[in-house]
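Notes follow once the structure below has been shown.
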Amino acid sequence: MGRQVYEAIVDGILGGGIYALMAVGLTLIFGVLDIINIAQGILVVLGAYLSYALSVHLHIDLFVGLLITVPAMFVIGVAIQWLFIRPLRGRERTSMSLLAAYAMALIIEGILYRVFGPTYVVLKASYVTSSVHLFGFYLSYIYLYGFALAVACVAALYLLLYRTRFGRSVRATMQNQTAARLVGIDVNRVAAVTFGIGVAVTAVGGMMFGATSGGFNPNSGYDLISRLLAIIILGGLGSIGGALAAAVFMTTAEALVDIWSPDWAVVVFYVALVLVLTLRPSGLFGRGPARAQ
Amino acid sequence: MTGRATGAPVPALARAWRPGGALAFLAVLAVFPQVITNATVTTIAVDTLIFAASAAAWNIFSGFSGYISLGHAVFFGAGAYTVGIAARAWHTAGDGVFALLLLAAAVAAGLAVPLGLIALRVRRHTFVVITIAFFFIAQLTATNLSVTGGSSGILAPSPNWDPTTFNDPFYYVALALLGVTAAGSWLIRGSRFGLQLRAIRDDEERAAGLGVRAMPVKLTAFVISAIITGMAGGLWFYFIGQAVPQFAFDPLFDLSVVVMAFFGGLGTISGPILGALVIEPAQQWLTLQYSSEYLSEILLGALFLVVILGLPRGVIPTAAEQIAKIRARRRPGGAPDGPTPPTPAPADPAVRETGPAVREAGPAVREAGS
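Keeping their order, the protein sequence lines are chains U and P.
If you want the working numbering, it's the position in the first sequence, counting the first as 1, plus 6.
If you want the working numbering, it's the position in the second sequence, counting the first as 1, plus 184.
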């Protein structure tokens with residue numbers, strides 16, 4: 007029993023790293039553009055399929071393949087922002103952008119179905135199936151590599167945001183768009199690049215998701231986006247640290263409940279969300295009601 | 185009714201014309217299955233009416249209050265399962281199943297109160313996401329419980345009606361539901377309650393400051409909306425004959441009703457109905473035309489994008505604005521009492537008849553009638 011609990015906690019933390027990466031992209035996009043990119047889930051699946059195509063057809067290693075898929079997803083992100091999000095204006099912009107992203111998700115899902123079909127696929131590599139004995143646990147190498155990669159990516163994002171000039175303009179835009187514009191920040195460019203970065207991380211997240219989820223198909227996007235949304239709301243919208251904490255908390259809670267009832271494990275995600283929001287409407291690390299709205 | 189707020193006396197003729205047009209439209213819908221008896225067409229028609237009622241119901245809450253719900257499938261699915269479980273338990277069949285819709289309404293209302301009390305404490309994005317979370321909780325619950333039949337779902341009793349007019353009972357019940365919903369929206373919109381909802385949409389703090397008790401008002405609209413959606417779900421279940429978690433609680437349902445309302449015009453009375461009448465048949469036609477369901481999904485997504493990017497304010501408000509412009513041009517000298525294009529006239533945004541949507545309620549109904 008105790009052993010299972012320890013295992014669940016380790017699984018939760020390692021799995022949480024991957025979700026954290028995907029969620030950071032989403033919360034970053036929210037912070038800068040004030041929209042919820044509901045297509046993030048299907049973009050993760052798209053990233054997974056890109057890795058799949060590269061490894062199956064071109065026999066490129068999953069991690070090496072990221073050198074191709076990350077820039078590709080960045081370009082896709084910038085294109086989506088430029089074509090479909092930027093033109094939206096006016097009072098209903100919030101809901102319109104949500105719908106535009108949803109429509110985009112439908113299109114991508116349909117394309118993935120046509121290209122890859124509804125059969126579940128899994129990313130294969132030697133390090134996905136083999137495991138290492140560590141601290142008394144058997145851990146699949148992919149979890150360790152993935153967790154390390156996720157930590158590295160989050161750290162890189164953190165440095166980008168807090169140690170570079172571009173990062174400063176991103177944070178300025180998150181705080182106050184009008185003021186950022188007034189001090190000479192090209193807000194449109196910041197928005198486009200941020201959206202690109204937020205989508206680019208889905209290439210990494212997708213590869214990890216494809217290797218660890220035990221099979222995915224184009225329909226997997228719904229489950230993913232609902233978890234990611236729960237994570238970023240729980241962490242407080244626009245809060246990067248909050249997204250990290252919430253991701254680890256959620257996956258650990260899920261892994262713990264999974265010991266007793268696998269059927270209900272997924273529900274924990276949403277029940278935790280509802281409970282927290284009942285007590286604290288702006289999320290765990292939200293910036294007070296003004297921001298939470 | 186609303187034209188007066190801007191100082192323009194509505195001609196008596198026009199005032200009589202609006203409900204007249206709506207009634208005429210209702211009459212056309214009533215004789216439709218008598219004239220066109222092709223089963224494929226009437227099947228799509230029943231489906232369309234169910235969606236029209238759902239979109240109008242969604243609009244009563246989200247369109248009027250500005251709280252965009254992406255979780256109304258919770259009530260749709262709850263209605264479907266309620267009718268299914270009750271019909272199985274009490275061995276109901278035939279017309280009796282329609283009576284169970286009242287039970288579906290009660291269950292939807294019972295769900296809406298606690299969900300609303302939790303979700304309506306937050307706004308905008310957070311509200312949207314909480315409604316999505318509710319949706320997934322509901323879907324997972326239906327999959328995991330034994331009373332809902334798990335992932336294989338629940339079967340409806342098969343009615344033993346004359347096969348040639350098989351769809352008619354469904355059609356008329358759906359039409360009645362739509363009629364009641366449209367009338368309800370119209371009554372709400374003209375009422376003090378409707379005005380309070382729109383005040384909340386424009387500026388909730390200010391509305392509260394002016395004495396609108398926001399929570400009860402929002403919650404009431406949420407529950408009304410849920411009741412109709414639950415009944416629509418129950419009817420849909422009996423019509424389709426089966427409820428499984430991924431179709432009773434369908435993310436596409438959430439998306440479709442929102443796009444229908446946006447297409448026609450958010451917060452108008454006829455807009456969501458018009459949107460449903462255009463989009464649902466188009467969707468069904470695409471699915472029939474391209475047997476590959478995935479191509480229709482791509483086309484549907486593209487259609488949604490075109491609507492969102494091309495008609496951001498919806499057909500009805502855009503059309504109404506054009507009509508107003510043409511009228512203003514016809515009357516030389518500017519006509520001080522003419523229906524000028526929407527400008528925020530009175531100083532207080534919370535109490536003014538909010539935004540263009542209100543003034544366009546008139547032309548909206550007329551559009552639908554013609």
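C-beta atoms are modelled at their ideal positions from N, C-alpha and C, and glycine is treated no differently.
query, result
"Sufficient close CB pairs (3 or more, under 8 Å) joining the region 54-67 of chain U to the region 280-288 of chain U", "no"
"Under the three-state DSSP convention, the category residue 126 (chain U) falls into", "coil"
"Unbroken stretches of the beta strand (DSSP E), 3 residues or longer, contained in the region 43-131 of chain U", "none"
"Reference residue 382 (chain P), options P:420, P:415, P:450 and P:348, closest by Cα", "P:450"
"At least 3 beta-carbon pairs within less than 8 Å: the region 480-497 of chain P vs the region 103-122 of chain U", "yes"
"Three CB pairs or more closer than 8 Å across the region 173-188 of chain U and the region 32-45 of chain U", "yes"
"Residue 51 (chain U) and residue 227 (chain U) closer than 8 Å at C-beta", "yes"
"Cβ of residue 101 (chain U) within 8 Å of any chain P Cβ", "yes"
"Complete alpha helix (DSSP H) runs within the region 203-264 of chain U (minimum length 4 residues, chain order)", "226-241"
"Within chain P, the residues that residue 48 (chain U) reaches when beta carbons sit closer than 7 Å", "In chain order: nothing, as chain P lies at least about 11 Å away."
"CB contact flag (residue 239 (chain P), residue 460 (chain P), <8 Å)", "yes"
"Spatially closest choice to residue 316 (chain P) from P:488, P:437 and P:455, by CA coordinates", "P:437"
"Same chain only: Cβ atoms within 6 Å of residue 323 (chain P), ignoring 5 sequence neighbours per side", "429 and 433"
"Straight-line gap, residue 224 (chain U) to residue 441 (chain P) (C-alpha atoms, nearest Å)", "23 Å"
"Candidates P:512, P:345, P:493 and P:474: closest to residue 105 (chain U) by CA position", "P:493"
"Chain-order list of residues whose beta-carbon lies under 6 Å from that of residue 495 (chain P) (same chain, five-residue window excluded)", "none"
"Residues bridged to residue 309 (chain P) [DSSP beta-bridge criterion]", "Answer is none; residue 309 (chain P) lacks a bridge partner."
"is_contact[residue 308 (chain P), chain U] using C-beta, thresh 8 Å", "yes"
"Residue-level contact to chain U via CB, residue 337 (chain P), 8 Å cutoff", "no"
"Beta-bridge partners of residue 146 (chain U), as assigned by DSSP", "U:137"
"Cβ neighbour criterion (16 or more within 10 Å) applied to residue 108 (chain U)", "buried"
"Same chain, Cβ closer than 6 Å to residue 4 (chain U), neighbours up to 5 away in sequence not counted", "Residue 4 (chain U) lies beyond the range of chain U shown here (7 to 299); nothing can be said about it."
"Minimum Cβ-Cβ distance from residue 91 (chain U) to chain P less than 8 Å", "no"
"Chain U within 8 Å of residue 382 (chain P), Cβ atoms only", "no"
"Buried versus exposed, by CB contacts within 10 Å (16 or more), residue 144 (chain U)", "exposed"
"Contact under 8 Å by Cβ, residue 282 (chain U) with residue 230 (chain U)", "no"
"Interface positions of the region 408-442 of chain P facing chain U (Cβ-Cβ less than 7 Å), listed along the chain", "435, 439 and 442"
"Beta-carbon proximity check, residue 30 (chain U) vs residue 160 (chain U), cutoff 8 Å", "yes"
"Amino acids of chain U, ordered along the chain, whose beta-carbon sits closer than 7 Å to that of residue 446 (chain P)", "105"
"Whole alpha helix (DSSP H) elements within the region 238-279 of chain P, 4-residue minimum", "257-274"
"Residues that residue 287 (chain U) contacts on chain P, provided the C-beta gap is smaller than 8 Å", "305, 306 and 310"
"DSSP-derived helix/strand/coil call for residue 427 (chain P)", "strand"
"Cβ separation of residue 291 (chain P) and residue 266 (chain P), assumed to be a contact under 8 Å, to the nearest whole Å", "4 Å"
"Same chain, Cβ closer than 7 Å to residue 237 (chain U), five either side skipped, listed in chain order", "25, 29, 249, 252, 253 and 256"
"Delimiting residues of the alpha helix (DSSP H) encompassing residue 440 (chain P)", "435-448"
"Secondary structure of residue 338 (chain P), DSSP reduced to three states", "strand"
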